[in-house]
Amino acid sequence: MAKYRHFSYEQGVMIAVNFNDQIVEGSIEHTINWLVDNKIDLTVFENRYRNDSTGAPAYHPGILLKIILLAYSRGIISSREIARACRENIQFMALSANTQPDFTTIAWFVRSMKDDVMNIFVNILLVCSEMDLLGGTEFALDGCKMRSNASKEWSGTFSDLAKKKDKIEKTVDMLMNKHRIKDIEEASKKSGKKDDINRRIEKLKSRAEKIERFLDENTPKGKSRTGEAQSNITDNESAKMKTSHGVLQGYNGMALVDSRHQVIVHAEAFGTGHEHDLLVPMIEGAKISARSIGLGNNYYKEKRIIADTGSFKEENLEYLSMEKIDAYIPDQQYRKRDPRFATMTRHKNKSDRPFTKDDFTYDKAHDIFICPTGKVLKLSVKQKLANTEGRRYISSRSNCNECKLRKKCLRSDKARYRTLYVVERYFNRNYSDEMKRKIDTAKGREVYSRRMGIVEPVFGNIRSSRRLDHYTLRTKAKVNIQWLLFAMVHNICKINRYADICEAT
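Under our numbering, read the sequence shown as residues 1419 to 1923, first letter to last.
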């Protein structure tokens, strides 16, 4: 018969643990510990506490910051999970000196960092600069869209939400009429369904009251290209965004990344999926950060910034030109003009392609355009549009109403007739055309191709390695805290990888 070594779950063992020995040099926890103790200004947290003479002692902000940065570096976002790690994980126990803060303290500390998180980000960026991790010549700008702690079901225009409220109230009336008190009492004796029906009615009433309260306390959002922008009852600062994985309710985490070691020089979360209005605040924020770490007021002057098509806008290009920034931003039609993509549409059904201006024939003698079906577009008016002056040609409403190719010619069913605008001259400079000519050169295409290699690995690291796939907080200010914390963790990992902390200490 086999013999086994004796074991007993009743016995115990005393293990001597030295916390300093657990913070191994070269590890991410060692880097975090060194940065918080030596490079991050913690005096910004002092004004939170009023317990000098009375009140219980508070957890040291340095301890809380250390365990939060370590948790985020390991993809732990939940405050309950962080608190659990401080009780069970030896690295967390060592970094927190076994103080074991509870989850409410951790959650409060993260939420309350609204006014201080950028200062901490700048402190870490200063370390990157001191350790020569910034190239300072080429930067890439892009956004990472992620869902927030809000549901798409609670989104809509004010009229949509009012209709939803009416629909819920009608459902409640239907349930109450269908199951009168007497019928419910009789049915409950046999099936016990009375409580289920009442709970359903109360739940629907609560939803209707929630919508009504939101409509009373808020105003409609501004206009979008399709009309009123949709509001969200759960988090009205979030927005619906189109992504490659479908439409989500969330925030767009923007990042400006240095090309040398992919250090994030500025980051901010925005409640909009459209990036055409985000370039200027991102550059201005980056300038403030550069000035704060002693790089001067004109750090980005003559530097190269590469952005995606979402940032292509006349006002953005004019701003970059005034700032003397060497920008490379393609327009939406960039690939169609690129000879390398000349065959990209060879498998598409060309019969479904919408008509463009090139499909219309110009008759110079009569100054008219002829559409693909042979109908005439006559000169309507000479007008100024943006920084251009030109002629507008229109078709008759009857021709377009009866046309079989209407869907290929008009952008929407509400459009009454087709128009063409022909530019005759530009006022002042046309920055869009200048950028198109710049990006269409061999150098422009080569420079723009580097954007993906600079900024996309940063998002891949944050989403995959650090496991940030959604935001757990609500409102822009709090979501921005989480996004900046993960940007900090990304930069700390760069410091840990490229800098010799042992020599620095």
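No residue lacks a Cβ here, since even glycine has one placed at the ideal position from N, Cα and C.
(request) My understanding is that Ser-1569 touches Thr-1690, with C-beta atoms under 8 Å, so please give their C-beta distance in whole angstroms. (result) Taking the first residue of the sequence shown as 1, we reach residue 1569 at position 151. Taking the first residue of the sequence shown as 1, we reach residue 1690 at position 272. Taking C-beta atoms under 8 Å as the contact rule, Ser-1569 and Thr-1690 fail to qualify, at a distance of about 18 Å.
(request) Using only alpha-carbon positions, find the residue among Phe-1425, Ala-1420, Thr-1472 and Tyr-1490 that is nearest to Ile-1450. (result) Here residue 1450 refers to the residue found at position 32 of the sequence shown. With distances taken between Cα atoms, Ile-1450 lies closest to Tyr-1490.
(request) Report buried or exposed for Glu-1635, applying the criterion of at least 16 other Cβ atoms within 10 angstroms of its Cβ. (result) Residue mapping note: residue 1635 aligns to position 217 of the sequence shown, counting from 1. That one is exposed.
(request) Measuring alpha carbon to alpha carbon, tell me which of Tyr-1737, Leu-1674, Asn-1516 and His-1694 ends up nearest Ala-1708. (result) As a position in the sequence shown, residue 1708 is number 290, starting the count at 1. With respect to the C-alpha of Ala-1708, the residue from Tyr-1737, Leu-1674, Asn-1516 and His-1694 having the closest C-alpha is Leu-1674.
(request) Tell me whether the beta-carbon of Val-1540 lies closer than 9 Å to the beta-carbon of Ile-1682. (result) Along the sequence shown, read from residue 1 onward, the residue named residue 1540 stands at position 122. Along the sequence shown, read from residue 1 onward, the residue named residue 1682 stands at position 264. No, the pair does not count as a contact, with Cβ atoms beyond the cut-off.
(request) Starting from the Cα of Thr-1774, find the closest Cα among Arg-1829, Leu-1551, Arg-1423 and Asn-1595 and give me that residue. (result) Translated into positions along the sequence shown, residue 1774 becomes position 356. Considering only alpha carbons, the answer is Arg-1829.
(message) Please state the DSSP three-state secondary structure of His-1908.
(response) Against the sequence shown, residue 1908 aligns to sequence position 490. Note: His-1908 maps to helix in three-state DSSP.
(request) Look up Asp-1439 in the DSSP assignment and say whether it is helix, strand or coil. (result) Residue numbering aside, residue 1439 sits at position 21 when the sequence shown is read from its first letter. Helix.
(request) With DSSP as the reference, label Ala-1783 as helix, strand or coil. (result) Indexing the sequence shown from 1 puts residue 1783 at position 365. If DSSP states are grouped into helix, strand and coil, Ala-1783 belongs with coil.
(request) Kindly indicate which residue of Thr-1890, Pro-1699, Tyr-1477 and Met-1536 has the alpha-carbon position closest to the one of Phe-1527. (result) Reading the sequence shown from its first residue, position 109 is the one you call residue 1527. Comparing Cα-Cα distances from Phe-1527 to each of Thr-1890, Pro-1699, Tyr-1477 and Met-1536, the minimum goes to Tyr-1477.
(request) Would you tell me roughly how many angstroms separate the C-alpha atoms of Val-1431 and Ser-1566, rounded to the nearest one? (result) Against the sequence shown, residue 1431 aligns to sequence position 13. Against the sequence shown, residue 1566 aligns to sequence position 148. Straight across, the Cα-Cα distance linking Val-1431 with Ser-1566 is about 45 Å.
(request) Could you tell me whether the Cβ of Arg-1618 comes closer than 9 Å to any Cβ of chain C? (result) Included in the structure is just one protein chain, with no chain C present.
(request) Go through the stretch 1818-1889 residue by residue and report every complete run of the beta strand (DSSP E) that reaches 3 residues or more, in order. (result) 1837-1844
(request) Determine, using beta-carbon pairs with one atom in the stretch 1854-1866 and one in the stretch 1824-1843, whether at least three such pairs fall under 8 Å. (result) no
(request) Give a yes or no on contact between the stretch 1732-1752 and the stretch 1575-1583, applying the rule of three or more CB pairs nearer than 8 Å. (result) no
(message) With the cut-off set at 9 Å, would you say Tyr-1866 and Ile-1701 are in Cβ contact?
(response) For the purposes of this step, residue 1866 is identified with residue 448 of the sequence shown, where counting begins at 1. For the purposes of this step, residue 1701 is identified with residue 283 of the sequence shown, where counting begins at 1. Cβ distance not < 9 Å, so Tyr-1866 and Ile-1701 don't count as in contact.
(request) For Arg-1906, I'd like the list of residues in its chain whose CB is within less than 6 Å of its CB, leaving aside the five on either flank, ordered along the chain. (result) The residue labelled residue 1906 in the question sits at position 488 within the sequence shown. Here residue 1906 is Met; the residue named in the question, Arg, does not match the sequence. Once the five neighbours on either side are set aside, the close Cβ partners of Met-1906 are Phe-1539 and Ile-1542.
(request) Look up Cys-1504 in the DSSP assignment and say whether it is helix, strand or coil. (result) Along the sequence shown, read from residue 1 onward, the residue named residue 1504 stands at position 86. Three-state result, Cys-1504: helix.
(message) Let me make sure I understand the geometry here. Which of Ile-1508, His-1694 and Trp-1452 has the alpha-carbon closest to that of Ile-1433?
(response) Reading the sequence shown from its first residue, position 15 is the one you call residue 1433. Nearest of Ile-1508, His-1694 and Trp-1452 to Ile-1433, Cα basis: Ile-1508.
(request) Please name the residue, chosen from Cys-1562, Tyr-1422 and Lys-1484, that lies closest to Ile-1880 on a Cα-to-Cα basis. (result) The sequence position of residue 1880 within the sequence shown is 462, counting from 1. Out of Cys-1562, Tyr-1422 and Lys-1484, Cys-1562 has the C-alpha closest to the C-alpha of Ile-1880.
(request) Check whether the Cβ atoms of Asp-1520 and Ala-1503 lie closer than 9 Å to each other. (result) Position 102 of the sequence shown, counted from the start, is the residue given in the question as residue 1520. Position 85 of the sequence shown, counted from the start, is the residue given in the question as residue 1503. No, the Cβ-Cβ distance between Asp-1520 and Ala-1503 is not below 9 Å.
(message) If contacts are defined as beta-carbon pairs under 8 Å, then Asn-1734 and Val-1698 qualify, I think. What distance do you get, rounded to the angstrom?
(response) If you number the sequence shown from 1, residue 1734 lands on position 316. If you number the sequence shown from 1, residue 1698 lands on position 280. Correct: roughly 7 Å between the Cβ atoms.
(request) Starting from the C-beta of Lys-1705, find all residues in its chain whose C-beta is less than 8 Å away, skip the five residues before and the five after it, and write them out in chain order. (result) The residue labelled residue 1705 in the question sits at position 287 within the sequence shown. Take Lys-1705, set aside five residues on each side of it, and the residues of its chain with a beta-carbon closer than 8 Å to its own are Asn-1715, Tyr-1717 and Tyr-1718, in chain order.
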